[in-house]
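Participant: Residues in the sequence shown are numbered consecutively from 575, following our numbering. Where is the CB? At the ideal position from N, CA and C, for every residue including glycine. Please read all numbers here as calculations on a predicted model, not as lab measurements. Pasting a structure below so you can have a look.
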Amino acid sequence: MHEDAHLSSHIIVDGHRIPFQKGDSVLIASLRQGFHPTGGGCLCHEGDCANCLVAVDGVAYLRSCQLQTRPGLNIEFQHHKGQHPPLDFRHPPEAEVSLEHLHCDVVVIGMGEAGQKAAQEARALGKEVISADAKAGQEVIGIYAGPLVAVRTAQGMLNLYPRKEIVIATGAAEIVPVVEGNHLAGIFTPRAALAMQQAGVDLGTLLAIGDVPEALRATRLEGNLLRFEGSEHLEAVIVQTPAGEKRYPCDSVCVALGLHPRDALLRMARGLENQGFHIRAVGDCAKVSDLPPCPEAGIVCNCSGVRADDLNFIWDQGFREMELLKRATLAGTGTCQGSACLPHLRSFLKARGGVLQQPFTARPLTKQVTMAEIAAGAHVHATPRTALDAEHRRLGAQMERIGGWWRPWHYGDWQREYWAVREGVSIGDVSTLGKMIVSGPQMPNFFKRLYPTQVSTVVRGGLVMFFFK
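Here it is, written out as structure tokens:
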């Protein structure tokens, strides 16, 4: 009993047994013990960046900030300090994932304040509404022609088919800083820093830059962020003030650079509007993105390791359109699908070319899924069943794969069944046998060439059975 209670408060993180508290995300439990999942990079704690990725039971690209702790959970750091582990073949093949199809009038994605209001308004008009909210474990991974809204849940996949409208209320992500040293551990967005403090994570000496929450306990700095300093963990922040550069030693920093709408689903659904289907964004998802300073140094896209120098190089090669910049650098093609780097790409192009370009085209999937989730609903059972299969099983049959079909091998006492067939009579399920209807004046001669049987002796209405493989 004591051992069960002891185990219930611990998880395994990269081989280390660490405690957790009720309601902890894996990220918070790890940071509380001094473990950063990827070794560094700004943390948002809302699933928008790629700086907290872990693997669980062989499933990679899971965001530890959205992964709830539970007893016995075994976490492996996936991209710790830029190291990519080999493919893991230790785990058995995934179980089949279920797929459910649901139809409605309106699908509302995101159930924050704006999403709840949109759902209530639609229901008040008598419309049938289905909602999907990532925080409730219903993550929309794509919108396809149809329209079809694909949703991943812990219980399986959902295919939602709205007849009238899709409302996207996914909110906005906090923009992460791109400056020299932004790969260090100890950098947070305002929401993440507040969540860490509220969860009891020791942030040490915390500095704040920009418009951060009043509830955040931090020393606020004046000036513009220039760079971070440190070896692996943050040691100091350098800001530009009217009096010149100033260096502030610290253990962690919170940087507020504004918001970028989570509009990837909206961008991938734009083509549906041309088909007369209504797509709209509400709340922060519908706002215009803030624009951070043009990246001059540091990592722009942590998913693909794209740095500011790479953007400059590609610009000099003549790639000056958003779609070309994306493809030439691979920025925006990683696991966050541009959620973290897109504002910086737009800022870079505007600073270099003078025009604020539109975001690149969004395509499913918004988040990584497993092969079993992709194949949900497409599984074909290799062993078919006869029409009498359920009746055989109801009678207690021991079913076996025979000749490519599930067939009854025996019903519990094979010896009695054997002698009953030998000395009495039996009934066989012959629905698996091949059948052909052959007619015409040359039918007897045709069968004489196929089987050693005198078909001509069979009277009209008689029965001929040919068993063949």
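My parser needs the beta strand (DSSP E) runs of 3 or more residues fully inside the region 917-944; what are they?
Facilitator: Listed in chain order, nothing qualifies, since the region 917-944 has no complete beta strand (DSSP E) run of 3 or more residues.
Participant: Tell me the start and end of each unbroken alpha helix (DSSP H) in the region 660-745 that is at least 4 residues and wholly inside, in chain order.
Facilitator: List check, alpha helix (DSSP H) in window: 687-698.
Participant: Which of the three DSSP states, helix, strand or coil, is assigned to HIS966?
Facilitator: Translated into the one-based positions of the sequence shown, residue 966 becomes position 392. Here HIS966 sits in helix by DSSP.
Participant: My output table needs one value for GLU754: the three-state DSSP class, helix, strand or coil.
Facilitator: Counted from its first residue, the sequence shown places residue 754 at position 180. Of the three classes helix, strand and coil, the one that applies to GLU754 here is strand, per DSSP.
Participant: Tell me which same chain residues have a C-beta within less than 6 Å of the C-beta of GLU713, skipping the five on either side of it?
Facilitator: What you label residue 713 is simply residue 139 of the sequence shown in a count that begins at 1. If we look at GLU713 and ignore the five residues flanking it on each side, its Cβ neighbours are ARG726.
Participant: Would you report the Cα separation of ALA971 and GLY1008, rounded to the nearest angstrom?
Facilitator: Position 397 of the sequence shown, counted from the first residue, corresponds to residue 971. Position 434 of the sequence shown, counted from the first residue, corresponds to residue 1008. Between ALA971 and GLY1008, the C-alpha separation is close to 23 Å.
Participant: Distance check for ARG967 and GLY998, CA to CA, integer angstroms please.
Facilitator: Start at 1 with the first residue of the sequence shown, and residue 998 comes out as number 424. Start at 1 with the first residue of the sequence shown, and residue 967 comes out as number 393. Each residue's alpha carbon lies about 23 Å from the other.
Participant: Helix or strand or just coil, what does DSSP make of HIS576?
Facilitator: Residue mapping note: residue 576 aligns to position 2 of the sequence shown, counting from 1. Only weak support is given to the placement of HIS576: the predicted model assigns it a pLDDT of 38, under 50, and the question is left unresolved by the model.
Participant: If ALA634 and GLN652 are in contact, beta carbons under 8 Å, what's the gap, nearest whole angstrom?
Facilitator: Translated into the one-based positions of the sequence shown, residue 634 becomes position 60. Translated into the one-based positions of the sequence shown, residue 652 becomes position 78. Indeed they touch by this definition, with Cβ atoms about 6 Å apart.
Participant: Using only CA atoms, which one of GLU809, VAL813, LEU831 and ARG836 lies nearest to PRO823?
Facilitator: Against the sequence shown, residue 823 aligns to sequence position 249. It is GLU809.
Participant: Report the three-state DSSP secondary structure of LYS596 (helix, strand or coil).
Facilitator: Walking along the sequence shown from the start, residue 596 turns up at place 22. Correct three-state label for LYS596: coil.
Participant: Could you compute how far the alpha carbon of GLN607 sits from the alpha carbon of LEU601?
Facilitator: Residue numbering aside, residue 607 sits at position 33 when the sequence shown is read from its first letter. Residue numbering aside, residue 601 sits at position 27 when the sequence shown is read from its first letter. C-alpha separation (whole angstroms): 10 Å.
Participant: For GLY799 versus VAL750, is the C-beta distance shorter than 9 Å?
Facilitator: As a position in the sequence shown, residue 799 is number 225, starting the count at 1. As a position in the sequence shown, residue 750 is number 176, starting the count at 1. The amino acid occupying residue 799 in the given sequence is Leu; Gly does not appear at that position. Cβ distance not < 9 Å, so LEU799 and VAL750 don't count as in contact.
Participant: Please report the straight-line C-alpha distance between MET896 and ALA743, rounded to a whole angstrom.
Facilitator: Mapped onto the sequence shown, residue 896 falls at position 322. Mapped onto the sequence shown, residue 743 falls at position 169. Approximately 25 Å, taken between the alpha carbons.
Participant: Under 8 Å Cβ to Cβ from LEU885, same chain only, skipping five residues before and after it: list those, please.
Facilitator: Against the sequence shown, residue 885 aligns to sequence position 311. Contacts found: PRO869, VAL874, LEU899, THR903, ALA905, LEU919 and PHE922.
Participant: Given GLN793, which residues of its chain have a CB within under 6 Å of its CB, disregarding the five upstream and five downstream residues?
Facilitator: Taking the first residue of the sequence shown as 1, we reach residue 793 at position 219. Position check: residue 793 holds Thr in this sequence, whereas Gln was assumed. Around THR793: LEU781.
Participant: So the alpha helix (DSSP H) LYS900 belongs to, where does it begin and stop?
Facilitator: As a first step, residue 900 is located in the sequence shown; it is residue number 326 there, counting from the start. Element bounds for LYS900: 896-903.
Participant: On a CA-only basis, which of ALA759, ASP1003 and GLY1002 is nearest PRO611? Give me that one, please.
Facilitator: For the purposes of this step, residue 611 is identified with residue 37 of the sequence shown, where counting begins at 1. Cα-wise, what sits closest to PRO611 is ALA759.
Participant: Whose C-beta lies closer than 6 Å to the C-beta of ARG737 among residues of the same chain, with five residues either side of it excluded?
Facilitator: Here the question's residue 737 lines up with position 163 in the sequence shown. Around ARG737: ASP679.
Participant: As a quick exercise: from PRO867, LEU833 and ARG926, pick the residue whose alpha carbon is nearest that of PHE893.
Facilitator: Your numbering for residue 893 matches position 319 in the sequence shown. If we check each option's Cα against that of PHE893, ARG926 comes out closest.
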